[in-house]
Amino acid sequence: MIWEGRRVKREIRVYNTLTQEKEVFVPREPGKVSVYVCGVTPYADTHLGHARPSVVWDVIIRFLRHLGYETLHVQNFTDVDDKIIQRSLEEGVPALEISKRYIKEYLASMDALGVQRADYYPKVSEHIEEIIKLIQGLVDKGHAYAVEGDVFFSVASFAEYGKLSKQKLEELREGTRFEVDPKKRDAADFALWKAAKPGEPAWDSPWGRGRPGWHIECSAMSLKYLGEEFDFHGGGNDLIFPHHENEIAQSEAATGRPLARYWVHSGMITLKDTKMSKSLGNIVSLKRLLEEYPPALLRFYLLSTHYRSSLEYYEGKLEEMKRGWSRLNEAARKLREDLAEAQEGELTAFDQETLDNLERYADEVVDALSDDFNTAMALGVLFDVVREINSYKHKGGFHRQVLQKGWDILQLWAGEILGVLELGQQRQEGLTDGLMELILAIREELRRERNFALADRIRDQLAELGVVVEDTPQGPRWKV
Numbered sequence: 010m011i012w013e014g015r016r017v018k019r020e021i022r023v024y025n026t027l028t029q030e031k032e033v034f035v036p037r038e039p040g041k042v043s044v045y046v047c048g049v050t051p052y053a054d055t056h057l058g059h060a061r062p063s064v065v066w067d068v069i070i071r072f073l074r075h076l077g078y079e080t081l082h083v084q085n086f087t088d089v090d091d092k093i094i095q096r097s098l099e100e101g102v103p104a105l106e107i108s109k110r111y112i113k114e115y116l117a118s119m120d121a122l123g124v125q126r127a128d129y130y131p132k133v134s135e136h137i138e139e140i141i142k143l144i145q146g147l148v149d150k151g152h153a154y155a156v157e158g159d160v161f162f163s164v165a166s167f168a169e170y171g172k173l174s175k176q177k178l179e180e181l182r183e184g185t186r187f188e189v190d191p192k193k194r195d196a197a198d199f200a201l202w203k204a205a206k207p208g209e210p211a212w213d214s215p216w217g218r219g220r221p222g223w224h225i226e227c228s229a230m231s232l233k234y235l236g237e238e239f240d241f242h243g244g245g246n247d248l249i250f251p252h253h254e255n256e257i258a259q260s261e262a263a264t265g266r267p268l269a270r271y272w273v274h275s276g277m278i279t280l281k282d283t284k285m286s287k288s289l290g291n292i293v294s295l296k297r298l299l300e301e302y303p304p305a306l307l308r309f310y311l312l313s314t315h316y317r318s319s320l321e322y323y324e325g326k327l328e329e330m331k332r333g334w335s336r337l338n339e340a341a342r343k344l345r346e347d348l349a350e351a352q353e354g355e356l357t358a359f360d361q362e363t364l365d366n367l368e369r370y371a372d373e374v375v376d377a378l379s380d381d382f383n384t385a386m387a388l389g390v391l392f393d394v395v396r397e398i399n400s401y402k403h404k405g406g407f408h409r410q411v412l413q414k415g416w417d418i419l420q421l422w423a424g425e426i427l428g429v430l431e432l433g434q435q436r437q438e439g440l441t442d443g444l445m446e447l448i449l450a451i452r453e454e455l456r457r458e459r460n461f462a463l464a465d466r467i468r469d470q471l472a473e474l475g476v477v478v479e480d481t482p483q484g485p486r487w488k489v
């Protein structure tokens, strides 16, 4: 254990894709954790594959906060992209309206799943100035070059290219894994800026009107919100190459410092050994699943396998998972009811033995999550807690202190951290987020009408309730 401030913190070990080893987590700044997670490209309905990394990182951040860390979580939206543009042309709707529609749907789905909101959700369209500045810096340093309105990153200028994916540049060239473009000096070079085409969203730049390439956005946004080096960079393992490899190249070429200390990648959800993706057309609609199943059950399914492993889905899978999930929830419900009638008095040797076992299980849950955030193992320990309590009651045990300990473990770890108990908690969190958005929207309208007195009154009364409202250039933020 490590002592920091007033709280004891467990040693956390994290599998780092960059080193391909489990490493002891040491934050850049003591007591604080900075996280950047690659978000979605909002051009179609939110699907189950989107939910997995979101729920995984929700649990990781809840766990880190429980240990006493202060967290800063950034998740981007790629709202300028070829697929969005194609959808806008098909529908005859502006590209940014397409992305706005699906961003709203994504956030509503995550709210329903009980996923806590990130601190920032930056969008490409709102960070063009930062992106252009970063690209210009790469051009000035000789890491990028402009050709007829396009700007490309020169991979040959970055000696460590391939260090994340463990692929050699020559082998990649031979495998023709790169987009063919006669304007490139090297087939492996990738676009930082694309010259404008008719009907596409475009912005002015030193190289003419155009739009950013895919990878540069994450470097610009992480640099703005988290600084030159941060703790965790997350995303699906399908992003390791080329997206994250290119992020490293352009970011580290620009700053001369490591981009992230730990690279954490989650496995794909598969359908008969094929990954689920919008491009393959085999997605499972998250909205449909949320209409058919409790959100806590979906979380239970998503957390039942270690985040780095692939997770299989098929018709009937959630019905299979429901049996175990219901057993856990029924045990928690019954335990809460039993507390109303539990006995007081001195502890017997049997009571104390059960308390000691429960204490050990509580430690094992922390150990599981401290070992590369192993939610599957943590869930297994929580079922051990259920068996321990059931055995205790079956043998006649009914002491309040014992039952309270069992309830505390389930309520904390299965409820607050993993979010797999259907005790109303997840829906309440989603409702809270929705109500706060409404309140802040009303307050912003009051500010636009220059009714600052009433706007300040709303802010002050929220503060009295323990809710802090911060007015930022990106809009109001709130936190408890």
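Take 10 as the starting number for the sequence shown in the working numbering and just add one per residue. Even glycine gets a Cβ: it sits at the ideal position worked out from N, Cα and C.
Around the Cβ of T363, a 10 Å sphere holds 16 or more other Cβ atoms; the residue is buried. By the C-beta criterion, the stretch 221-241 is judged not to be in contact with the stretch 112-123, since fewer than 3 inter-stretch pairs fall below 8 Å. Measuring C-alpha to C-alpha distances from F34 to each of R396, F382, L356, A464 identifies F382 as the nearest. In this structure the stretch 393-404 does not lie against the stretch 32-47, because fewer than three pairs of beta carbons, one per stretch, are closer than 8 Å.
Counted as a single uninterrupted DSSP element, the stretch harbouring D213 is not any beta strand (DSSP E), since DSSP gives it neither H nor E. If the five residues before and after K172 are omitted, its C-beta is found closer than 6 Å to no C-beta atom of its own chain. In this model, L444 and S166 are separated by some 50 Å (Cα to Cα). The stretch 332-346 and the stretch 419-426 touch, with no fewer than 3 CB-CB distances between them shorter than 8 Å. The three-state secondary structure of S275, taken from DSSP, is strand. Looking from the CA of G276, the closest CA among F309, H315, D90 belongs to H315. Residue burial annotation: D190 is exposed, with fewer than 16 other C-beta atoms found within 10 angstroms of its C-beta. Around the beta carbon of S318, a 10 Å sphere encloses fewer than 16 other beta carbons of the protein chains shown; the residue is thus reported as exposed.
In this structure, V89 lies away from P215, with their beta-carbon atoms at least 8 Å apart. Shown here for R452: same chain residues with a beta carbon closer than 6 Å to its own, the five before and five after excluded, namely A464, I467 in chain order.
The C-beta of K132 has 16 or more other C-beta atoms within 10 Å across all chains shown, which makes the residue buried. Straight-line measurement puts the Cα of Y24 at about 16 Å from the Cα of V68. If you draw a straight line from the Cα of I257 to the Cα of S97, it is about 31 Å long. When DSSP states are grouped into helix, strand and coil, N291 belongs to the coil group. Cα atoms of D247 and W212: separation of roughly 30 Å, rounded to the nearest angstrom.
For R345, the uninterrupted alpha helix (DSSP H) segment begins and ends at 326-348.
Judged by DSSP secondary structure, N25 falls within the beta strand (DSSP E) whose first and last residues are 22-25.
Beta-bridge partners of T481 (DSSP): G484.
The Cβ atoms of S108 and P51 lie closer than 8 Å to each other. Under the Cβ criterion (8 Å, minimum of three pairs), the stretch 392-402 counts as touching the stretch 326-344. Exclusion of the five residues before and after K296 leaves D54, T55, E114, S118 as the residues of its chain whose Cβ lies within less than 8 Å of its Cβ.
Counting C-beta pairs with one atom in each stretch, the stretch 143-159 and the stretch 98-107 have fewer than three that are closer than 8 Å, which means they do not touch. G244 counts as buried, since at least 16 other C-beta atoms from the protein chains shown sit within 10 angstroms of its C-beta.
K31 is bridged by DSSP to Y24.
Out of G333, A387, Q410, the CA that lies nearest to the CA of E355 is found in Q410. Put simply, the backbone Cα of K177 is about 46 Å away from that of L430. Annotation: the stretch 77-121 contains the following complete segments of the alpha helix (DSSP H) (minimum length 4 residues), in chain order: 91-100, 104-121. Annotation for S63: the continuous alpha helix (DSSP H) segment containing it runs 57-75. Taken through DSSP and simplified to helix, strand or coil, Y370 comes out as helix. Segment contact: the stretch 62-76 against the stretch 121-128, three or more CB-CB distances shorter than 8 Å; contact assigned. For W416, the enclosing alpha helix (DSSP H) starts and ends at 409-418. The C-beta distance from L57 to I225 rounds to 29 Å, too long to fall under 8 Å, and the pair is not in contact.
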